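Colleague: If you want the working numbering, it's the 1-based position in the sequence shown plus 6. We treat Cβ as the ideally placed atom computed from N, Cα and C, and that holds for glycine. None of the values given here were measured: they were computed from a predicted structure.
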Amino acid sequence: MTTTTTETPVTEAARRTFRKSGEFHEQARRLIAGGVNSNVRLAADPLLCFSKAKGSMLVDLDGNEYIDYALGMGPAVLGHAPPFLIEAVRASLSRGQLFAGQHEMELELAGLLHECVASAELVRIGLSGSEMIQTALRVARAHTGRNAFIKFEGHYHGWLDNVLVNLSPPAGGSREAVPYPVHLQSSGQSALAASEAFILPWNDLELLRRFLDTHGRNVAAILTEPVMCNTGVIAPRGGYLEGIRELCDRHGIVLIMDEVITGFRLALGGAQEKFAVRPDLSVFAKAMGGGFPIAALTGRADLMRLVDLGRVNHSGTYNANLVGVAAAIATLRHLMAADGSALKAIALAGRRLIEGIRKVAAGKSANLRVMGYGPVFNTMFGDDESIVDYRSYIRTDVAKQKAFIKALTLRGVRPTPRGTWFVSSAHSDEDIQRTVEAVGQALSDIASS
Ligand code: PMP
């Protein structure tokens, strides 16, 4: 699906109207709490309602097209509605929805996870990243007999009470004064559940080491995104993840890698393959199902064996339902084919996009920065050279970022509201070229507004 217009993008942007999306949301607010079904979606500006998607393109109710870099918040790693994936799901539907018992495809998926992810000695299938993080924490507590866990400032591990803390706290106080006060992100959240989290800054091994020298014996798990994808797509400093691994070994702490975004995106074996660090437990979701709901907890056999009758409970009516498992099998097989060529192509396309964005920004002397990797990166505005953690990220210009994302959306390019870009195998050379042009125009828009 390509835009057939020959008009300049400036006219095209001016021509876009959002009347039907606006009407939809007026009605939605009357029937759906807040008008959306995931709070994250409230950040979008303009607030759109979509009618369909194919490949790299999304279409809204008013017929506007968008080159989509939100990809359902990351999952659609092969683009929207790839025919082989839809066909695999269709084939599974003729066999039923779910059995409250096992089916053969579960074993096939477990085998694929085991093959792709070096640390996946045993697996459990679930539905969402949020719940599998909870299972991981439960396993860590059962294994260590300890309750507390370390959660880093700026990381996101789902919306549940104990982990929805310090994602975007007001950053006051001394950087060194760890653990930081727990900042609840939702009203109604249980402060008691959240009190089990020790909050530390990410990417500071020395501070973590000192903290664990005092508190290590109380810590069941260190929970970390291997790349801080939920704040700025910040890379781990050289040796940082390895350092966490060593500290976990020294203090008998379970290392849980949250690969919900990085898994089956940064590499077939996840960020743990890219950085050659072996976690004890890992959580996968998003790209694993190519856009269908499925997640997995994987890890060390001795830990995973705790998930058993009378021990660690992990349950769920919809776990390993046929559609999700069929989608994950088709997605993983596609990603594994031809020596992992799909992910390599995505990384290459993403790097070209990053280079194009940097070049066009430099040409306009804009202080636009790009951080991250080809398959997932973040754009932000700021002059501070060193962005290594949450506190350095929030010195960037958030108002300018919002204006930029809005200007891009109006020009038919859609990153996530927080400026994260996910690249899929459906993004063509032409998409990338058009995106870079739109970035240049959006930068002019915000400079003149
Ligand atoms: N962990 C990370 C790193 C995530 O980015 C997310 C979702 N954005 C989650 C966990 C929660 O996953 P889900 O939305 O599937 O519950």
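#1: For Thr14, which of helix, strand or coil comes out of DSSP?
#2: Output the residue ranges of the alpha helix (DSSP H) runs that lie fully inside the region 158 to 242 and measure 4 residues or longer, sorted by chain position.
#3: Can you tell me the Cα-Cα spacing of Ile92 and Tyr186, whole angstroms?
#4: If you follow the alpha helix (DSSP H) that Ile73 is part of, which residue opens it and which one closes it?
#5: Report the rounded CA-to-CA distance for Ile131 versus Gly107, giving the unit in angstroms.
#6: Give me the Cα-Cα distance between Gln33 and Val42, rounded to the nearest whole angstrom.
#7: For Thr385, which of helix, strand or coil comes out of DSSP?
#8: I want to check one thing, is the minimum distance from the CB of Ile131 to the heavy atoms of the ligand PMP below 8 Å?
#9: Can you give me the Cβ contacts of Phe410 inside the same chain, cut-off strictly under 8 Å, excluding the 5 residues immediately before and after it?
#10: What is the DSSP secondary structure of Lys412, reduced to helix, strand or coil?
#11: Pop quiz: Val329 and Phe298 are said to be a contact at Cβ under 8 Å. What is the actual Cβ separation, rounded to whole angstroms?
#12: Determine the DSSP secondary structure at Ala453, reduced to helix, strand or coil.
#13: At the level of alpha carbons, what is the spacing between Ser98 and Ser134?
#14: Mind checking which residues open and close the beta strand (DSSP E) that includes Arg317?
#15: Hey, Tyr75 and Thr402: beta-carbon distance below 9 Å or not?
#16: In the DSSP assignment, find the beta strand (DSSP E) that holds Tyr399 and state where it starts and stops.
#17: Closest to Leu173 by CA distance: which of Gly179, Trp208, Ala199 is it?
#18: With DSSP as the reference, please indicate the residues paired to Ile92 in a beta bridge.
#19: Please list, in chain order, all residues of the same chain as Gly246 whose beta carbon is under 6 Å from its beta carbon, the five residues on each side excluded.
#20: Need the endpoints of the beta strand (DSSP E) that Gly378 sits in, please.
#21: Among Arg215, Thr415, Arg339, Thr268, whose alpha-carbon lies nearest the alpha-carbon of Arg251?
#22: Closest to Asp255 by C-alpha separation, out of Arg284, Pro381, Asp264, Glu279, would be which residue?
#23: Nearest-angstrom Cα distance between Val239 and Lys58?
#24: Apply the 10 Å Cβ neighbour rule to Gln439 and answer buried if 16 or more other Cβ atoms are within range, or exposed otherwise.
#25: Please go through the region 49 to 136 and give each complete alpha helix (DSSP H) segment of 4 or more residues, from N-terminal end onward.
#26: Does the ligand PMP have even one heavy atom less than 8 Å from the beta-carbon of Lys292?
#27: So Lys292 and Pro81 are supposed to be a Cβ contact under 8 Å. How far apart are they, rounded?
#28: My assumption, with CB atoms under 8 Å, is that Leu312 sits in contact with Ala148. Please give the rounded CB distance.
#29: Whole angstroms are fine: how far does the CA of Ile360 sit from the CA of Ser371?
#30: Please classify Leu77 as buried or exposed, where buried requires at least 16 other C-beta atoms within 10 Å of its C-beta.
#31: May I ask you to check if the CB of Gly425 is nearer than 8 Å to at least one heavy atom of the ligand PMP?
#32: Can you tell me whether Ser136 sits near the ligand PMP, meaning its C-beta is under 8 Å from at least one heavy atom of the ligand?
#33: For Leu287, report the span of its beta strand (DSSP E) as first-last.
#34: Enumerate in chain order the residues of its own chain whose CB-to-CB distance from Phe56 is below 6 Å, with the five nearest sequence positions on each side excluded.
#35: Give the single residue among Lys26, Leu54, Gly117 whose Cα lies nearest to the Cα of Ala302.
#36: For Ser201, tell me which candidate among Gly178, Val225, Leu213, Glu127 has the shortest Cα-Cα distance.
Modeller: The short version:
#1: Here residue 14 refers to the residue found at position 8 of the sequence shown. In this prediction, Thr14 scores a pLDDT of 46, lower than 50, which makes its location untrustworthy; no coordinate-derived value is stated.
#2: 197 to 200, 211 to 221
#3: For the purposes of this step, residue 92 is identified with residue 86 of the sequence shown, where counting begins at 1. For the purposes of this step, residue 186 is identified with residue 180 of the sequence shown, where counting begins at 1. Using only the alpha carbons, I get a separation of about 46 Å.
#4: Counting from one through the sequence shown, the residue named residue 73 turns up at place 67. Taken as a continuous stretch (DSSP letters only), Ile73 belongs to no alpha helix (DSSP H), being part of the beta strand (DSSP E) at 71 to 74.
#5: Within the sequence shown, the letter at position 125 stands for residue 131. Within the sequence shown, the letter at position 101 stands for residue 107. Rounded to the nearest angstrom, the two C-alpha atoms are 13 Å apart.
#6: For this step, residue 33 is matched to residue 27 along the sequence shown. For this step, residue 42 is matched to residue 36 along the sequence shown. When rounded, the distance between both Cα atoms is 11 Å.
#7: Numbered from 1 along the sequence shown, position 379 holds the residue referred to as residue 385. Strand, per DSSP.
#8: As a first step, residue 131 is located in the sequence shown; it is residue number 125 there, counting from the start. Ile131 Cβ: outside cutoff for every heavy atom of the ligand PMP.
#9: Here residue 410 refers to the residue found at position 404 when the sequence shown is read from its first residue. Counting only Cβ-Cβ distances below 8 Å, and skipping sequence neighbours, we find Leu374, Thr385, Phe387, Gly425, Ala448, Leu449, Ile452.
#10: Residue 412 sits at position 406 when you count from the first residue of the sequence shown. Reduced to three states, the DSSP call for Lys412 is helix.
#11: For the purposes of this step, residue 329 is identified with residue 323 of the sequence shown, where counting begins at 1. For the purposes of this step, residue 298 is identified with residue 292 of the sequence shown, where counting begins at 1. Val329 to Phe298, Cβ: 6 Å. Contact.
#12: Along the sequence shown, read from residue 1 onward, the residue named residue 453 stands at position 447. Helix.
#13: For this step, residue 98 is matched to residue 92 along the sequence shown. For this step, residue 134 is matched to residue 128 along the sequence shown. Spanning the two alpha carbons is a distance of roughly 20 Å.
#14: Looking up residue 317 in the sequence shown gives position 311. Unbroken run through Arg317: none, as it is neither H nor E.
#15: To locate residue 75, count along the sequence shown from 1; it is residue 69. To locate residue 402, count along the sequence shown from 1; it is residue 396. No.
#16: As a first step, residue 399 must be located in the sequence shown, where it is residue number 393. No beta strand (DSSP E) holds Tyr399; the alpha helix (DSSP H) holding it covers 396 to 399.
#17: As a working mapping, residue 173 is identified with position 167 in the sequence shown. Of the candidates Gly179, Trp208, Ala199, the one whose C-alpha sits nearest the C-alpha of Leu173 is Trp208.
#18: Within the sequence shown, residue 92 is the residue found at index 86, counting from 1. Per DSSP, none; premise fails for Ile92.
#19: As a working mapping, residue 246 is identified with position 240 in the sequence shown. Sequence inspection shows Tyr at residue 246; the Gly mentioned does not correspond to that position. Result list for Tyr246: Asn209, Leu211, in chain order.
#20: Counting from 1 along the sequence shown, the entry for residue 378 is found at position 372. Its beta strand (DSSP E) spans residues 374 to 379.
#21: Here the question's residue 251 lines up with position 245 in the sequence shown. Out of Arg215, Thr415, Arg339, Thr268, Arg215 has the C-alpha closest to the C-alpha of Arg251.
#22: In the sequence shown, residue 255 corresponds to position 249, counting from 1. Comparing Cα-Cα distances from Asp255 to each of Arg284, Pro381, Asp264, Glu279, the minimum goes to Arg284.
#23: Start at 1 with the first residue of the sequence shown, and residue 239 comes out as number 233. Start at 1 with the first residue of the sequence shown, and residue 58 comes out as number 52. Straight-line Cα distance between these residues: approximately 28 Å.
#24: Translated into positions along the sequence shown, residue 439 becomes position 433. Exposed.
#25: 89 to 99, 110 to 122
#26: Looking up residue 292 in the sequence shown gives position 286. Correct: Lys292 has its Cβ closer than 8 Å to the ligand PMP.
#27: On the sequence shown, residue 292 is found 286 positions in, with the first residue counted as 1. On the sequence shown, residue 81 is found 75 positions in, with the first residue counted as 1. Confirmed, Cβ separation roughly 4 Å.
#28: Taking the first residue of the sequence shown as 1, we reach residue 312 at position 306. Taking the first residue of the sequence shown as 1, we reach residue 148 at position 142. Confirmed, about 5 Å.
#29: By 1-based counting over the sequence shown, the position of residue 371 is 365. By 1-based counting over the sequence shown, the position of residue 360 is 354. Roughly 16 Å between the two C-alpha positions.
#30: As a working mapping, residue 77 is identified with position 71 in the sequence shown. By the neighbour-count rule (16 or more Cβ atoms within 10 Å), Leu77 is buried.
#31: Position 419 of the sequence shown, counted from the start, is the residue given in the question as residue 425. Every heavy atom of the ligand PMP is 8 Å or more from the Cβ of Gly425, so no.
#32: On the sequence shown, residue 136 is found 130 positions in, with the first residue counted as 1. Within the cutoff, so yes.
#33: Sequence index remark: in the sequence shown, residue 287 carries index 281 (1-based). Run containing Leu287: 287 to 290, per the beta strand (DSSP E) assignment.
#34: Along the sequence shown, read from residue 1 onward, the residue named residue 56 stands at position 50. So the list reads Leu64, Asp66, once near-sequence residues are dropped.
#35: Walking along the sequence shown from the start, residue 302 turns up at place 296. The shortest Cα separation from Ala302 among Lys26, Leu54, Gly117 belongs to Gly117.
#36: By 1-based counting over the sequence shown, the position of residue 201 is 195. Among Gly178, Val225, Leu213, Glu127, the Cα nearest to that of Ser201 belongs to Val225.
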